[in-house]
Each structure stands twice: as structure tokens, then as C-alpha cells.
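As C-alpha cells, the structure follows; a few thoughts come after it.
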Amino acid sequence: MEFWGIELGTSSQNRQTGTAEAKKTAGALKADGYEFASHSWGHIGFKVSTVQSVLNDDELWDKGMKPILGPTDLFVYPFGQDLAGVEEYSGAKFNNLYNRGFRYFANVDGSQPSWIQVHAKYVRGKRAGTLVDTECSTTLNFSPICSQFLMSGTKRVQHL
3 MEFWGIELGT SSQNRQTGTA EAKKTAGALK ADGYEFASHS WGHIGFKVST
53 VQSVLNDDEL WDKGMKPILG PTDLFVYPFG QDLAGVEEYS GAKFNNLYNR
103 GFRYFANVDG SQPSWIQVHA KYVRGKRAGT LVDTECSTTL NFSPICSQFL
153 MSGTKRVQHL
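This is the structure:
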């Protein structure tokens, strides 16, 4: 597997060396103010996948990416497949993501206007890169991250 042009390799020695190099790159980006979001391990459709597929994908992310990027509370759904409609999140898939520490959820569907919901336990929005707009910028404070999730130059929601 290759990540940021760094071969992570299949042998434990190659993987250890590649992971150490990738961690340095991640550290340099974090030092510049970037945060990282999960976009899943296998780029699966979370809405249509089984609960077990979501659990397996999350475990692979934890084993493969978390050692490099560190923990994150930001999740960007592949394919623009949010877990729900306009109703509040619930169910096993959301509970799994929430229990893994995710608090900010967005999708990458650019075909619809952007929107945002602020709940007591999480924030969700439509269209990575457009969660912060003039309507909510006075009450919501976000920080920049490195996966087109939020607009840069702002601060993170403080109430969570």
C-alpha cells in the first residue's frame, strides 16, 4: 500500500519504516494547522453497507490509518451517502462511528445546496468545504483540516 507516495509495504519491517515516514509527514501538516478526517478505509457506501461491513471498515481504518494520522473526530462519507435524511442520527452504524470518537460528519455530494445541523452530540453538514457559511459563522467556530471538510481559517465548534 502506498500513502503520500510512501510505500508502506507488506512486510513488517517495510510497514514499520513506511509508517514512520508517513507519521513525519502527518506531523509536519499538523504543525501547519491541518487536521485529518476519515473518509473510511475502503471507500464504502455507509448508507447501503451492512452494519458488519461498516464495523470491519472502521477497524481497518483504526489499524491502518490511525497509527499514522492519530485520532480524529471528523468523518467525511464516501459517495455523499450520509447515514440518514434530515432526521437525527441513530442506529448501530452511527453509534459505532460515535463510539469511535467521530463528532463532525459531512458528505461529498456537490449536487445539492449545502446545509448544516448542530446537535448536542454532533455536527453534520452537506458538502465538504462548505460547512461554514455566513449564516452560521457567528455561532459555529471550526478549524482547518486536510480533507476539504471545513473551510480554513476558522475555529471548531466549541459546544461538543
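Numbering (the numbering used here), first residue to last: 3 to 162. Every residue, glycine too, gets a C-beta built ideally from N, C-alpha and C.
Start-to-end residues for the beta strand (DSSP E) that takes in residue i
i, result
"I70", "Per DSSP, I70 belongs to no beta strand (DSSP E); it is in the alpha helix (DSSP H), K68 to L71."
"A108", "Y106 to N109"
"L76", "L76 to Y79"
"Q119", "I118 to V120"
"G35", "Careful: G35 lies outside any beta strand (DSSP E) and carries neither H nor E."
"G44", "It is not in any beta strand (DSSP E) - G44 carries neither H nor E in the DSSP assignment."
"G127", "V125 to G127"
Supposed contact pair residue j and residue i - C-beta distance, whole angstroms, cut 8 Å
i, j, result
"N109", "V78", "7 Å"
"S116", "K128", "5 Å"
"I70", "T21", "6 Å"
Same chain, Cβ closer than 6 Å to residue i, neighbours up to 5 away in sequence not counted
i, result
"R126", "F107 and Q119"
"D84", "N109"
Proximity below 8 Å, CB of residue i to CB of residue j
i, j, result
"D111", "G87", "no"
"G29", "D75", "no"
Range of the contiguous alpha helix (DSSP H) that encloses residue i
i, result
"F96", "A94 to N101"
Contact set for residue i: own chain, Cβ-Cβ below 8 Å, skip 5 residues either direction
i, result
"N98", "V53, V56, L57 and D60"
"P73", "G103"
"K25", "P69 and I70"
Contacts around residue i, its chain only, beta-carbon distance under 7 Å, and the 5 residues preceding and following it disregarded
i, result
"G47", "P80, F81 and Q83"
"C138", "Its pLDDT being 35, under 50, C138 is placed unreliably by the model, and nothing is read from it."
"H121", "E90"
Chain B contact for residue i (CB, 8 Å cutoff)
i, result
"G35", "Judged by its chain identifiers, the structure shown contains no chain B, having just a single protein chain."
| Pairing CB atoms from the segment 88-102 with CB atoms from the segment 53-63, are three or more of them under 8 Å? | yes
| Do the segment 27-44 and the segment 57-77 touch if we need at least three Cβ pairs shorter than 8 Å? | yes
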